[in-house]
Each structure stands twice: as C-alpha cells, then as structure tokens.
Amino acid sequence: MFSSLSQRLQRGKDELSAYLNRNHVQSAGLQSNFRRSLPVESPLESYGKKGRDLLLSAQNLVSFISPTSKEGYSSKNEVSSSDLILRIENLETRNARLEAEIQEKNKLLHEQRLDIYRRREEEEDVREDLLKRCRVAEALRDEALDSFDEAISQLKFLERKFKDEALRADEELQRVQEESDNLLSSKQLAMEAMKSTLQREIEELKSKCAEHSLTIQKLQDESKKEEYEKLQKLSEDQAKQIESLRTELKKADNFYLSRAKFDARLREEAKKANEEKEALQSMVDSLKARENEQHGIMKKQIEYILDRVQGSLLDCIAVQDCDGKGLELVEMLRSENSKLTADLSALTDQLEGERRGLQGEASKNISMKREIEALRSDQSKLVLEKEAMSNKISSLEVEFNELRSNFSEVKYLADQRRKILESTLERLSMKATAEDKEEKARKEWEAEVVALQCDRQCLR
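Just so it is clear: in the sequence shown, position 176 is 176 by UniProt numbering, and no numbers are missing.
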C-alpha cells in the first residue's frame, strides 16, 4: 500500500513537470504564429499613400499646363486643356474627399492606438499579477513536492513501525498461548491426581463399608431386630454418603463449578454429619439407658429371688422339717440361684459385648467422619487451587485483551494516518490541478502580452 502511494506521488510529480514544459512550448508557438499573422502595413497608411501620389501627379500636371503655355496652342489644344482642367478639378475634389477620409481614419487610428495603449497597460498589470501568482504557485508546488517527500518518508516509517508492532504482538500472543497451555496441562494433571486420590479413598471406604456390613451381619445374628434395623439404616446412610462422594467426584470433574452451590452442599453435608452424630449419640445413650434398665431389672429379680430363698430358709428353719424336705428345698434354691447367677453373668456378658460392638461401630463412624472431613478439606484446597488457576487465567486473558486493544489502537492510528495522508494527497492533487490551470492561464496571458507588445512595435 505504501509503495503504491509513493509510486502515485512520483507519477503525479512527473506529469506536473511534463505539463509545465508542454505549456511553455505551446506559448512559444502561439507567439510565433501571432507575429506571422500581423500585417506589414496597415490599410489606412497604404490608402493615404495612394492619395498623396495622386495629389502630387495632379499638381505636376497643373504646373505643366500653365496660362503662358495656353496661348501658343490651337483650338484643339484649348478643348483638351478644358478637359484637363475639369479632370484636374475632379481630382482636386477627389483629393479633398480622400484627405477628409484620411483625417477621419487617422483620428480612428489614433483612438485605436490609445485604446491599444490602455489595454497594454492593463495587460501589463495583469501580467504582473499573473507573474506574482505564478511565483506563489511555484512556491506552493515546491511545498507540495516537499510534503510529498515527507509523506512518503512518514509512510515508510509507519510501515516499519506497524510491522514491528505486529511482530511483537504475535510473539506476545504466542507466549500467552504457551502459558495458557502449560496452565491447562498442570490443571489437568492436578485434576487427575485428585481423581486418583478420591477413587482410592472411595475404595478404602468401600472396604470399610464391607467390613461394617459383615459386623452388621454378625450383630443381626446376635442382637435384636431393632438394633439391626438401626445399624442397617446407618449402613444405608453410609452408602448414601458414598454415593454422594461419587457425585462429588463427578462434580469435581467440572472445572467451572460455582462456589455458592459447593458451599451449600458442604453445609448440607455438615448438617447431615451432625444429624448422624446426634443419631449415633442418641443410640448410644438409648443403649446405655437400656443396659442400665436391664441391670436394674436383673438386680431386682436377684433380690427378689434372694428374698424368696431367705424366706424359704427361714420357713424351713422355723418348721424344722425332720424328713429332710428343708434340705432339698435349700439345694433346689441353691441350684436355681446358681442358674440365675449364670444367666445373669451370660446376660451381662452379652450386653457388654453388644455395648463394645456399638462403641466400635461408633468409633468407626467417627473415623469415617474424620476421613470425610479430610476429603472435604482436600476438596476445599483443590477448589482454592482451581480459583487461583482461574484467577491466573483471567489475568492472562486481561493481558491478552490489553495486547489486543493495543494492537487495535495501533491499527486504528495507522488507518487514521493513512486517511490523513490520502486526504492530503487529494488536496495536493487538487492544488496541483489548480496550479496547472493557473499556469495555463498565465501562459495564455503571457502569449497575449507578447502579441500586444508585437502590435505596439508594429504600430510604432
């Protein structure tokens, strides 16, 4: 584009110089043609010369025919002399008429000469004005040529600057693209590592849940139906937690997860965990209350049995059965007492085992809860890392947008300068055409002035 503009400027400069030279040659040709077209002698002067010649011939003829010479002639000569006199009179009248016409034409010629002098003075004034205008036009032409050269140099400078800016912008864009690719690759690696860790933890939780299900199966065989239903409900809740962890793992794959939803889900999970903790605590409290209640019932039964045994012994001692029935009753009571103590110890052992199993389940649930909290903390760390990466990517996007805006601004400035240069070129071309017209008018006026000078010389 810049090379085409410089070529157009050079071509306009060459055309301007050729046009000026051609106008100079044409003006010289017009001057020579005008000189050739001028008459050598004006018709008025030639006519007056003929009249003077006729007058001189008539005067010579009158002087030749004098009155002294008439006396020696014959009558034939007298007739011819009378004719000659008439002819001479006619010639004198004609000569007088010619002199009057010559005077009138001399007067007209004098007026024409005055008009020519006045026109010549006006033309000299116009010529001086045209010369001044020509000088101004030549100065403007030189200024336009200088501005053309300056515009060409400025266009070349802008072209180099624009190319340098474009190269720098391409390099910066490539650097930003490489950084964004590196960040995306590191983000993908971190997400894959997070997936692997979460999958491993889920597998561990599955194994723990399998062990928990086995213990629940054992407790189902050993304990009562209500505790089994509660533990089954707990296992279902844990399975739901595992499913929720799986959904969280799937949701962690989505990089643009909103923080508000994630915080709400964390609050819901914390609420559920607190509810589970309260449920486990209430179950433990209910089991402790039931154990204490069973111990109180067994204690009351044992006291009642001992009271009965003591009453029976007292009755036996009071009756003093000689047949040995009292001893048999004592033995029977002792055997019942031993059976009752064995049943009591077995029941206490069973209750103690159930309590220990429930405590183990509670400790397992607490450890699972701690693991879930650790996973949540890891997830929060990953979310923070994701936010940091997103902030870095947004900053890089801002820098890229700034570079793009700078590039567009440079392009806009280049376009504006190009438009300004084009407008200046158009204005200068219009000025050059106006100067050409003025130069042509000046050459025409100069040709007319030269022609008038030739007329004045001829008239002189």
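We treat Cβ as the ideally placed atom computed from N, Cα and C, and that holds for glycine. Just so you know, these numbers come straight off a predicted model, no measurement behind them.
For N401 and K437, the gap between their C-alpha atoms comes out near 53 angstroms. Taking all protein chains shown into account, E268 has fewer than 16 neighbouring C-beta atoms within 10 Å of its C-beta and is therefore exposed.
Check the Cα spacing between Q457 and each of N106, Y117, E101 and A96: the tightest is with Y117.
Contact annotation, L130 with R442: C-beta distance approximately 5 angstroms; criterion of less than 8 angstroms satisfied.
Considering only E397, C454, V450 and W445, the residue with the shortest C-alpha distance to R175 is E397.
Unbroken alpha helix (DSSP H) stretches of 4 residues or longer found wholly inside the segment 85 to 143: none. With fewer than 16 neighbouring CB atoms inside 10 Å of its own CB, L384 falls in the exposed class.
In this model, E171 and D164 are separated by some 11 angstroms (Cα to Cα). Taking 8 angstroms as the upper bound for CB-CB distance, V136 and W445 are not in contact here, some 15 angstroms apart.
For R356, the number of other beta carbons within 10 angstroms of its own is below 16, and it is reported as exposed.
Closest in C-alpha terms to E439, from the list A96, A346, A139 and S335, comes A139. For A447, the closest of E101, Q103, E123 and D115 by C-alpha to C-alpha distance is E123. The Cβ atoms of R94 and L452 lie no closer than 7 angstroms to each other. Considering only V450, S380 and L428, the residue with the shortest C-alpha distance to D146 is L428. L382 and E409 have their alpha carbons spaced roughly 40 angstroms apart. For N182, the closest C-alpha among the options V449, E399 and M389 is that of M389. Of the candidates L167, E143 and K339, the residue whose Cα lies closest to the Cα of A432 is E143. Residue R133 holds the alpha-carbon nearest to the alpha-carbon of A434 among H110, S335, L114 and R133.
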